[in-house]
Amino acid sequence: MTPRPQHARGTRARRGRHRPAGDAGRAVRRGTQALATVVAGGLALGLAVHDGGLLDPPDPHRTRTAAPAADPAPRASAGAEDRGPAPAATPSTAGLAPAGDPRPSLRTPDIPWSTPEELTPPARAGLDLARESTTDPASVWIVVNKALPLQPATWSPPDLVAVGAYQVRAVVQDPLTRMLAAAAADGVRLELRSGFRSYDYQAGVHAGWAAQVGAPRADEVSARPGHSEHQTGLAVDVGSGSRPDCDFQDCFAETDEGRWVAARAGEFGFVVRYTAAGQAVTGFAAEGWHLRYVGTDLVGEMQRRGVGTLEELFDLPGGPAYR
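Next up, the structure:
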């Protein structure tokens, strides 16, 4: 009798008993993979929402019905081409320069349209410009031009004194004498050519120029009577002892005397009243020889403020036309 193969039946029995366990393991593995896929998909979706919804700037063309309460403030552009009003700064960012911008940045929350290039430094404390009158002919700060004649037009100073062959106001005598002496000490032959002129004398001077070059040109190089600084006794014309041919000529500015006056007249309270740069303001062509006494205080204030004319300093009218 042939024995039956027990091992075969045992094998089938064992396989039959383990099949359910194997199927369950495979199901668990499939479920785990599916769960991992769902989690990964959720993470990817979350990242996509985060990247697309929070970090990207809002679409300027999209209409928003309501701004969320925690909506971040718009970021100001650091581009130089953007000249529009800057957005209102929050307390935590006001006054800070954009990151990466090496230039210093000044912020003025009260003036949101200002940019650093438009800001100007505060005015420095200086001379009280109301200390002296600019309309009283007896004042050292009197301003006379084509728009501002002397009042009265025939006024003459009562305190004229002589310096050399010419007359000036008493207040001018000492600084003028010291200036001439200082020039001589420097080897410069600075000489007086004109001082005070009366109303009638100035009328003759202007008429002579008009006859020579015509009335329009005469108004550029010579003041009408009542509009001349010489009538105040505070103005002088100087000349060159080394180049007298340049007296009352443009070439005076190139002489030793002209260069000395341009550099040092202010030390004695004089300004070169008529310059090429200021012609549109003063109304007169450049005269490097025409010096006006205003005092060292006012010269210093003009230098501090960076202005070259009395009209600009006192904010007074001027210009090329008589009024």
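Residue numbers (the working numbering): 315 to 637. Beta carbons: idealized from backbone N, C-alpha and C, even for Gly.
Taking C-beta to C-beta, are residue i and residue j nearer than 9 angstroms?
| i | j | result |
| --- | --- | --- |
| ARG587 | ARG557 | no |
| VAL485 | LEU548 | yes |
| THR596 | GLU571 | no |
| ALA567 | PRO539 | no |
| GLY632 | THR623 | yes |
| PHE510 | ARG483 | yes |
| ARG551 | HIS604 | For the sequence presented, residue 551 should be read as Asp rather than Arg. In contact: ASP551 and HIS604 (Cβ atoms closer than 9 angstroms). |
| SER542 | VAL458 | yes |
| ARG637 | LYS460 | yes |
| LEU506 | GLY478 | yes |
| ILE456 | THR569 | no |
| PHE628 | LEU443 | yes |
Nearest-angstrom Cα distance between residue i and residue j?
| i | j | result |
| --- | --- | --- |
| ALA635 | ALA537 | 11 angstroms |
| GLY583 | ASP611 | 8 angstroms |
| ASP500 | SER512 | 33 angstroms |
| PRO466 | GLY580 | 29 angstroms |
| TYR480 | VAL608 | 19 angstroms |
| TRP523 | ALA529 | 8 angstroms |
| GLY553 | ASP559 | 9 angstroms |
| ALA576 | ASP514 | 31 angstroms |
| VAL519 | VAL527 | 12 angstroms |
| PRO451 | ASP473 | 12 angstroms |
| GLN563 | LEU494 | 20 angstroms |
| HIS544 | SER447 | 18 angstroms |
| ALA590 | VAL621 | 14 angstroms |
| ALA525 | SER508 | 21 angstroms |
| LEU462 | THR468 | 14 angstroms |
| THR449 | CYS565 | 33 angstroms |
Thinking just about the alpha-carbon of each residue, which of the options is nearest to the one in residue i?
| i | options | result |
| --- | --- | --- |
| ARG531 | ARG492, ALA521, ARG503 | ALA521 |
| ARG489 | GLN617, LEU627, ARG578 | Arg is not the amino acid found at residue 489; the sequence shown has Pro there. When only C-alpha atoms are compared, the closest one is ARG578. |
| GLY555 | HIS544, VAL502, CYS565 | VAL502 |
| MET616 | THR468, LEU630, VAL585 | VAL585 |
So, for residue i: in the same chain, excluding its five sequence neighbours on each side, which residues have a beta-carbon less than 7 angstroms away from its beta-carbon?
| i | result |
| --- | --- |
| GLU534 | PHE598, ALA599 |
| SER470 | SER512 |
| ARG445 | none |
Ignore the nearest five residues each way along the sequence and tell me which others in residue i's own chain have a CB closer than 6 angstroms to its CB.
| i | result |
| --- | --- |
| VAL475 | ALA484, GLN487 |
| ALA497 | LEU504, TRP574 |
| GLU601 | TYR588 |
| VAL630 | Rather than Val, the amino acid found at residue 630 in this sequence is Leu. Only VAL457 meet the Cβ criterion. |
| GLY592 | GLY622, THR623 |
Can a CB atom of chain D be found closer than 9 angstroms to the CB of residue i?
| i | result |
| --- | --- |
| GLY632 | The question asks about chain D, but that chain is absent: this structure has only one protein chain. |
Spatial neighbours of residue i within its chain, please: C-beta separation below 8 angstroms, excluding the five flanking residues on both sides.
| i | result |
| --- | --- |
| ALA594 | GLY633, PRO634 |
| GLY366 | Caution applies to GLY366, whose pLDDT of 44 falls short of 50 and renders its modelled position unreliable; the model cannot decide the point. |
So is the beta-carbon of residue i under 8 angstroms away from any non-hydrogen atom of the ligand ATP?
| i | result |
| --- | --- |
| PRO530 | The ligand ATP is not part of the structure shown, which contains no ligands of any sort. |
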